[in-house]
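Take 2 as the starting number for the sequence shown in our numbering and just add one per residue. Ideal Cβ placement from N, Cα and C applies to all residues, glycine included. Since this is a predicted model, take the numbers as computed values, not measurements.
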Amino acid sequence: METSLSGLRGMHASFEIADATSVAYARRGATEAAQKGALNETDLGRVALIVTEAATNILKHAQHGELLVRELPAEAPGTPTDGVEIIAIDKGPGMQDVRLAFHDGRSTAGSPGTGLGAIRRLSEELAVYSQPRLGTVLRAVVRGRGANDGMPARAAPAAGTDIGGVCVPYPGEVVCGDAWGIESDQHGLTITVADGLGHGPDAHVAAASAVDVVRRRAGRSPAALMALAHGALRPTRGAAVAIARLDLARSQLAFAGTGNIAASIFNAGRPALVGGGAAHGAAAAGGARDSWQLTSRNGIVGHTMRESQEYEVPWTRDALLVLHSDGIGTRWDLAAYPGLHLQPAVMIAAVLYRDFSRRRDDATVVVVKAA
2 METSLSGLRG MHASFEIADA TSVAYARRGA TEAAQKGALN ETDLGRVALI
52 VTEAATNILK HAQHGELLVR ELPAEAPGTP TDGVEIIAID KGPGMQDVRL
102 AFHDGRSTAG SPGTGLGAIR RLSEELAVYS QPRLGTVLRA VVRGRGANDG
152 MPARAAPAAG TDIGGVCVPY PGEVVCGDAW GIESDQHGLT ITVADGLGHG
202 PDAHVAAASA VDVVRRRAGR SPAALMALAH GALRPTRGAA VAIARLDLAR
252 SQLAFAGTGN IAASIFNAGR PALVGGGAAH GAAAAGGARD SWQLTSRNGI
302 VGHTMRESQE YEVPWTRDAL LVLHSDGIGT RWDLAAYPGL HLQPAVMIAA
352 VLYRDFSRRR DDATVVVVKA A
């Protein structure tokens, strides 16, 4: 049976954290997301406490930051019940030793030092990435407890993969002009990132239409899916679209793109043109020897699109794929973040969003890791 993790339901609400008033505003927004996720009153209380602790930590240590909140639907891979994801990001002084920060009473800000320890106790999942002078990213997940306790988690999209993304709308918009989706079947995964032209509802319709085409036809080649998307998007304003197909049995990743969705893969292989063409690709961000940028063709899916070219790269046991819309700058280098590649995929996406979001467009980062 196919499963789906769709960015159509994965948009993050963004809350700037700059003062005590913004903490209260973020808490209300997170509670509303939790209510949509059908969490009970106890779970809603945990969400409110986590947001309060995370936002207060931002104010104490960094003075300014951002909270990202989204509903995690029960059908998302690996989640047994509805839940809420909370990501706190800042560019503050960071931490020398994250492990010590979890000990109650440990604080560098003169406070009781119970924040991170409390968040760990209140959440089902917790990850923290922090580096001195670079700042901190914290991700906590709250899932419903009680009636669903003991239920087995649903199967992940495919064994041996870790998938995560951040999708944030243009400032002031309530819907995102970007969309992303992951579709799995018995042979592998199909990953889609789409950026509708402009922003707002019309851009959202275009991007959502592209993701929906792949959802309904997952398993076909990226080039074939791109052609189908081109037809489906004709009534819309059009979109930039990137589609990657991960064949786990063959350990190969095929890619086709139109427009300015950036796609980079990090492993020991060079991209090769499907069909026996010459090797194609350029050094990805940072210029690392084993990193490659997968090339998209110019055009707008739904309006002006040339025939898609499809490229293949080896998918090694330590491979990592990063796709992002043009709301994210391209001058990033994972080597500048010690240990980040060891973090969950969603944490990598959150760090790249924090440091390279242009803040004047919809912004989406999707990361797929061999796990």
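Nonlocal neighbours in the same chain, by C-beta distance under 7 Å from residue i, ignoring five residues either side
i	result
K37	E72
A19	H65
V352	Y130, V138, Y338, L341
G30	A14, F16, V70
S124	I51, A141, V142, V143
H231	V302, G303, M306
V275	Legend: pLDDT at V275 = 39, less than 50; position of this residue unreliable, value from coordinates given subsequently. Counting only Cβ-Cβ distances below 7 Å, and skipping sequence neighbours, we find A255, E311, Y312, E313.
Of the listed residues the options, nearest to residue i (C-alpha basis)
i	options	result
A243	L254, T317, T237	L254
V212	L190, A224, S185, W181	W181
Q97	L123, L135, A34	L135
T53	M306, D327, L321, S23	S23
D362	G189, L343, D179	D179
Y171	N58, G199, H304	G199
S210	A195, V169, R221	A195
V99	V85, G118, T296, K92	G118
D248	V206, S309, T162, G239	T162
DSSP-derived helix/strand/coil call for residue i
i	result
Y312	strand
K370	strand
M306	strand
T162	strand
A364	strand
T43	helix
F357	helix
S23	helix
H62	helix
E54	helix
6 Å CB neighbourhood of residue i in its chain, flanking five on each side removed
i	result
V368	G165, V323, A346, I349, A350
A49	R28, T32
Q344	Y130
Q132	G95
L321	F267, K370
M206	Going by the sequence as given, residue 206 is Val instead of Met. Same-chain partners within the cutoff: T237.
R235	G303
Residues near residue i in its chain [Cβ-Cβ closer than 8 Å; skip 5 each side]
i	result
P202	V176
A39	D83, G145
L45	T32, A35, Q36
S252	P315, W316, T317
A55	L68, I87, A89, G116, I120, L139, A141
Beta carbon proximity, residue i to chain C, threshold 8 Å
i	result
L198	You won't find chain C in this structure, because it holds only one protein chain.
Supposed close pair residue i, residue j - CB separation, criterion 8 Å
i	j	result
T191	G220	7 Å
F256	L295	5 Å
M227	S309	4 Å
| field | Contiguous alpha helix (DSSP H) assignments of at least 4 residues, all confined to the region 184 to 246 | value | 202 to 218, 223 to 233, all fully within the region 184 to 246.
| request: Could you name each continuous beta strand (DSSP E) segment of 3 residues or more that falls completely within the region 114 to 144, going from the start of the chain to the end? | output: 126 to 132, 136 to 144
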